Amino acid sequence: KAGVTQTPRYLIKTRGQQVTLSCSPISGHRSVSWYQQTPGQGLQFLFEYFSETQRNKGNFPGRFSGRQFSNSRSEMNVSTLELGDSALYLCASSLAGGPQETQYFGPGTRLLVL
Amino acid sequence: DAKTTQPNSMESNEEEPVHLPCNHSTISGTDYIHWYRQLPSQGPEYVIHGLTSNVNNRMASLAIAEDRKSSTLILHRATLRDAAVYYCILRAPPNFGNEKLTFGTGTRLTIIP
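Line order of the protein sequences matches chains L and S.
For the first sequence, this note's numbering gives the first residue as 193, with consecutive numbering after it.
For the second sequence, this note's numbering gives the first residue as -1, with consecutive numbering after it.
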């Protein structure tokens, strides 16, 4: 079974631009979560989507948004990029997203904002 | 909200057991304790999780204190491939639509050949 895939793997943008990241979950998984990882803040939860609906949300500004499609693939969008948005963005999928479930992470998209 | 505390780094000799601690003194009764590890340039990888009882799987064991305020991840025989950053994470059921997620800062485990 194929794992979680994320595209692109690396991205360079400039301040003020917007970016869209993509995540394809494991086949059959309906929950997709997004995380931001930085050296200073560590792992931080962005949001979770289940059946095309945002079910949970972390403490990030509205510039961070996402969506999920009927095939469970998910996209994350960051508008008006800031230097502090430079990070590794991780996507994780699970069957239904319960707290007792295992999450399977993708390799991440490394975003550099100049 | 629950918080977790982990040592920043630990070292262990190859083929020796490793005990990685995590303190979560404000854990709620419904919080699951998860452990993930992250190798360089990779996404986190699931290791083990539990709620109240100790758990074993092919990768590791999880020992949960009776009061659940701390837990220990046990690698029985460390290999060089176990060198990674280990994260202790608490996950609670959704409360009013928001699942609580609490991450530790991670412990960087170095294995000495």
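Each residue gets a CB set at the ideal place from its N, CA and C atoms; glycine is no exception.
If you're wondering where the values come from, they're calculated on a predicted model, not measured in any experiment.
With a 10 Å radius around the Cβ and a threshold of 16 neighbouring Cβ atoms, residue 68 (chain S) comes out buried. Below the 9 Å Cβ cutoff, chain L contributes 291 as neighbours of residue 90 (chain S), in chain order. Look at residue 222 (chain L) here: in three-state DSSP terms it is coil, with no helix or strand label. The segment 286 to 297 of chain L makes contact with the segment 222 to 229 of chain L, as at least three CB pairs between them are under 8 Å.
Looking at the backbone, the Cα of residue 205 (chain L) and that of residue 276 (chain L) are separated by about 12 Å. Boundaries for residue 1 (chain S): no beta strand (DSSP E) harbours it, and the DSSP string shows neither H nor E there. Remark: C-beta atoms of residue 37 (chain S) and residue 105 (chain S) do not approach each other more closely than 8 Å. Proximity of the segment 16 to 34 of chain S to the segment 45 to 61 of chain S meets the contact definition, three or more beta-carbon pairs being nearer than 8 Å. By the Cβ neighbour-count rule, residue 63 (chain S) is exposed, with fewer than 16 other Cβ atoms within 10 Å of its own. The residue from S:90, S:7, S:46 with its alpha-carbon nearest to that of residue 25 (chain S) is S:90. For chain S, the residues of the segment 228 to 240 of chain L that bring a beta carbon within less than 8 Å of one of its beta carbons are 234, 235, 236, 237, 240, in chain order. Identification of residues in the segment 28 to 55 of chain S having a C-beta nearer than 9 Å to some C-beta of chain L yields 28, 29, 30, 32, 34, 36, 39, 40, 41, 42, 43, 44, 47, 49, given in sequence order.
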